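**Student:**
In the UniProt record's numbering, the protein residues as written are 1 to 81.
Here is the structure:
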């Protein structure tokens with residue numbers, strides 16, 4: 001794609017830059033933004049397990065520790081009854 005800086009100041013509603021009007025550029029900008037948001041959501045869904053594991057590792061909570069705590073809570077509830 002060939003980029004250039006047009007000479008002078010162009011004003012008005014139907015200014016054309018690289019063969020496209022301002023309205024077309026706005027439309028392309030909005031659609032590209034929506035596409036990027038959709039791709040980011042898909043990316044997060046596909047890598048959700050990695051996000052969870054990394055977060056647990058960062059905060060020092062191992063999966064085994066969480067299960068042990070849950071077992072202790074269950075045992076405490078059983079002892080109360």
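In this text, a Cβ means the ideal position worked out from N, Cα and C, and glycines have one as well.
In this text, all values refer to a predicted model and were calculated from it rather than measured experimentally.
Over the uninterrupted alpha helix (DSSP H) stretch that includes residue 29, give me the two end residues.
**Tutor:** 22-46
**Student:** Using DSSP's beta-bridge definition, name the partner residues of residue 16.
**Tutor:** 21
**Student:** Buried or exposed for residue 1, going by 16 or more other Cβ atoms inside 10 Å?
**Tutor:** Residue placement at residue 1 cannot be trusted, given a pLDDT of 48 that sits under 50; the coordinates are not used to answer.
**Student:** How many Å lie between residue 23 and residue 60 at the Cα?
**Tutor:** 51 Å
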